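See structure below.
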């Protein structure tokens, strides 16, 4: 009788411990924002495509209106791999994606096309890789880093020149 009772207890303990080790078990795939892209397409005065003989990007779609140009780069499977939005000939938005369509990084850009603002970087499996702030193209302040399975690794601190100070 004790053996019958102890086996389920051991199994439950095993599952409890294995679940407890993961800190980021709410993984969800973050792909290109289809609503945003549809909105850009609807507002475009001009659209055109261009083929590239490259390995990663094989096709670019452009959506142009008076002040904005959006470039959507796709691979040979039609998966969006990069989105760049320019306003008045200055880059204001940049997002890059893995081969499976998962967001690699999305970064806002300042008036000079440099990384600027809060940034989240992801692993291919959807887990958060690092989070922090860019200023004038450089990492700034505290950046939190995680393992590929979602566990906290470290916090690094950067000065205004993007140099790690800890």
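Numbering (our numbering), first residue to last: 2 to 167. The C-beta atom is built at its ideal place from N, Cα and C for all residues, glycine as well. Since we're looking at a predicted model, the values are computed, not measured.
query                                                                                         : result
Between the CA atoms of residue 157 and residue 139 - distance to the nearest angstrom        : 13 Å
Where residue 39 sits in the DSSP three-state scheme                                          : helix
Nearest-angstrom Cα separation, counted from residue 87 out to residue 112                    : 10 Å
Residue 67 versus residue 132 - alpha carbon distance                                         : 34 Å
Nearest-angstrom Cα separation, counted from residue 96 out to residue 83                     : 6 Å
Inter-residue spacing [alpha-carbon to alpha-carbon] between residue 40 and residue 103       : 21 Å
Residue 154 to residue 123 span [Cα, whole Å]                                                 : 14 Å
Backbone CA spacing between residue 149 and residue 126 [nearest angstrom]                    : 8 Å
Beta-carbon separation (whole angstroms), residue 120 vs residue 99, contact threshold 8 Å    : Their Cβ separation, rounded to whole angstroms, is 16 Å, which puts residue 120 and residue 99 out of contact at 8 Å.
Same chain, Cβ closer than 6 Å to residue 22, neighbours up to 5 away in sequence not counted : Since pLDDT at residue 22 reaches only 38, below the 50 mark, its modelled position is unreliable, and the value read off the structure follows with that caveat. Once the five neighbours on either side are set aside, residue 22 has no close Cβ partner at all.
Of the listed residues 54, 63, 34 and 30, nearest to residue 45 (C-alpha basis)               : 63
Euclidean distance between Cα positions of residue 78 and residue 101                         : 10 Å
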